[in-house]
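For any residue, its number in our numbering is found by taking its place in the sequence shown, counting from 1, and adding 49. Note that beta-carbon positions come from the ideal geometry of N, C-alpha and C, so glycine has one too. As the structure is a computational prediction, the values presented were derived from the model and not from experiment.
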Amino acid sequence: MPPVSRSPSRSNVASRPDLPGSKGIRLASLCLTLLAVGILLAACAPNAPQDVLDPKGPYAEKADRLWDLTFGTAVVVFFIVEGLLVAALFLFRQKGGKPGNPVQVHHNTKLEIGWTMVPVIILAALAVPSTAAIFEFAAEPENALEVEVTGKQWWWQYRYTESGVMAANELYIPVGRPIRLVLRSEDVIHSFWVPKLGGKQDVVPGHTNLLNIQASVPGEYFGQCAEYCGLSHANMRLRVFAVPPDEFEFWLESQKQNAQPPPGGLTADGQRLFLEGACAGCHAIGGTAAQGQVGPNLTHFASRTTFAGAMFENNTENLRAWLRDAPDMKPGAKMPSGTKELGLSDNDIDALIAYLESLK
Ligand code: CUA
């Protein structure tokens, strides 16, 4: 006996509008659409600190103009293509319940050549300003301030080439002057990115990359590592403080100074602990025997607003938690746990905090 065909006929489907589960599917699609729209709209939050569409310097502005041109072209193309599609659906639909099949059209050479050539022409036209921008971004600007940036797991080291000043995570720059960043990595591939001030550039071990940034408005600009680099990639943040040129010179002068010797008391205990304990093996403090190169240079630690990859506000409470158990606060941090690995007591930690907070 031949098997009975179970495939439903067209009329069968039409007469069963409420297939089991179809309501659930419709509800689920509605929820998913609302969720997607919600997520999309959440991205429109005003004053987002890393908004690429809110450039604050010439390099970021140039990239933004390129985006405007490309996006504008894409929107026009979208409306033309979708408009033609909707028009075709409407004009060539089956009309008035007339029976029979519509005329089948197989190909149209002129149209096919046309819609192949139009995208080629659009892309070629967009390539002209894009290519020009690539060369402009790469050119060495006049009167640039050079800073060597080293990507570490998971923080940023800065060295102002001319003065030799060392900093970490927070980069001070003068407003209105181009900054030439010389990017290197010591471990894995990172990516340096301050969306409001310039483009994004990979930081590759064994290779030097260059990136120009510039701020035309004073302010605090947020950035982050933009290349997955390990456990604390998401915690590898940075800040750029763009200040007027005279304020920058003042900052640079203050950073050139060695650390002040501690006045005594708890601060002096802290320094002793720092120099005799494990801290000095990894951190450097100008004017002391501590010359470690693994962690950030702490000569002017207290002048920074944040620490640990610009993740935590630099205050006593966060510092205490950090010294107690850094890996607990930042997964994969090379800084050992003060209580579990270094055997620091609460008194030791208080002394270290007093010393670190004296490093203005
Ligand atoms: Cu460094 Cu991601």
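Next on the checklist: Using a Cβ-based criterion (distance less than 6 Å to any ligand heavy atom), does His22 qualify as near the ligand CUA?
Outcome noted: Here the chain comprises residues numbered 50 to 409, so residue 22 is not present and cannot be evaluated.
Checklist entry - Does the beta carbon of Met360 fall short of 6 Å from some heavy atom of the ligand ATP? => result The ligand ATP is not among the ligands present in this structure, which contains only the ligand CUA.
Item to check | Glu235: CB within 6 Å of a non-hydrogen atom of the ligand CUA | outcome: The answer is no for Glu235.
Item to check | Best match in Val224, Val177, Trp205 for proximity to Asn192 [C-alpha to C-alpha] | outcome: Selected option, being the one with the closest Cα: Val224.
Next on the checklist: On the criterion of 16 or more Cβ atoms from any shown chain inside 10 Å, does Val125 qualify as buried, or is it exposed?
Outcome noted: The residue is exposed, with fewer than 16 neighbouring Cβ atoms inside 10 Å.
Item to check | Test item: CB-CB of Ala291 and Ile222 under 7 Å | outcome: With contacts defined as CB atoms closer than 7 Å, Ala291 and Ile222 qualify as a contacting pair.
Checklist entry - So is the beta-carbon of Met384 under 6 Å away from any non-hydrogen atom of the ligand CUA? => result With a cut-off of 6 Å, the C-beta of Met384 is classified as distant from the ligand CUA, since no heavy atom of the ligand falls inside that distance.
Checklist entry - Looking at the structure shown, is Asn367 part of a helix, part of a strand, or coil, going by DSSP? => result Reduced to three states, the DSSP call for Asn367 is helix.
Item to check | Proximity test, Glu276 beta-carbon vs the ligand CUA heavy atom, cut-off 6 Å | outcome: Yes, the Cβ of Glu276 comes within 6 Å of a heavy atom of the ligand CUA.
Next on the checklist: If I follow the unbroken beta strand (DSSP E) through Arg288, where does it start and stop?
Outcome noted: Counting along the chain, the beta strand (DSSP E) containing Arg288 begins and ends at 286-292.
Checklist entry - Smallest Cα separation from Arg226: which of Lys383, Pro107, Lys379, Ala97? => result Put simply, of Lys383, Pro107, Lys379, Ala97 the residue whose alpha carbon is nearest the alpha carbon of Arg226 is Pro107.
Next on the checklist: On the CB-based measure, 16 or more other CB atoms within 10 Å of its CB, does Ala187 come out buried or exposed?
Outcome noted: Counting the other Cβ atoms within 10 Å of the Cβ of Ala187 gives fewer than 16, which makes it exposed.
Item to check | Glu276 in three-state terms, based on DSSP | outcome: Looking at Glu276 - three-state DSSP - the assignment turns out to be coil, as it is neither helix nor strand.
Item to check | Segments assigned beta strand (DSSP E), at least 3 residues, entirely inside the segment 180-250 | outcome: Taken in chain order, the unbroken stretches of beta strand (DSSP E) that lie wholly in the segment 180-250 and span 3 residues or more are 194-201, 204-209, 215-217, 219-223, 228-234, 239-242.
Checklist entry - CA-CA distance, Tyr277 and Val231? => result Going from the Cα of Tyr277 to the Cα of Val231 covers about 20 Å.
Item to check | From Arg233, His239, Thr158, Leu220, residue whose alpha carbon lies closest to that of Leu259 | outcome: Closest by alpha carbon: Arg233.
Next on the checklist: Out of Phe356, Leu246, Ala338, which one is the CA nearest neighbour of Ala109?
Outcome noted: Minimum Cα distance to Ala109 is reached at Leu246.
Checklist entry - Grouping DSSP H, G and I as helix and E and B as strand, with all else coil, what is Leu118? => result In this structure, DSSP gives Leu118 a helical state, which the three-state scheme calls helix.
Checklist entry - Relative to the ligand CUA, is the shortest distance from any of its heavy atoms to the C-beta of Met285 smaller than 6 Å? => result With a cut-off of 6 Å, the C-beta of Met285 is classified as near the ligand CUA, since at least one heavy atom of the ligand falls inside that distance.
Checklist entry - Which residues in the same chain have their Cβ closer than 7 Å to the Cβ of Ile398, if we skip the five residues on either side of it in sequence? => result Excluding positions up to five away in sequence, the list reads Arg369, Leu372, Arg373, Gly387.
Checklist entry - Going by Cα to Cα distance, which pick from Arg142, Lys159, Gly163 is closest to Gln153? => result Scanning Arg142, Lys159, Gly163 for the CA closest to the CA of Gln153 turns up Arg142.
Item to check | Limits of the unbroken alpha helix (DSSP H) element including Ile402 | outcome: Ile402 -> alpha helix (DSSP H) spans 395-405.
Next on the checklist: Taking 6 Å as the cut-off, is the beta-carbon of His155 closer than that to any non-hydrogen atom of the ligand CUA?
Outcome noted: His155 Cβ: outside cutoff for every heavy atom of the ligand CUA.
Checklist entry - Going by the CB atoms, is the gap between Leu391 and Ala327 shorter than 7 Å? => result Yes, the Cβ-Cβ distance between Ala327 and Leu391 is below 7 Å.
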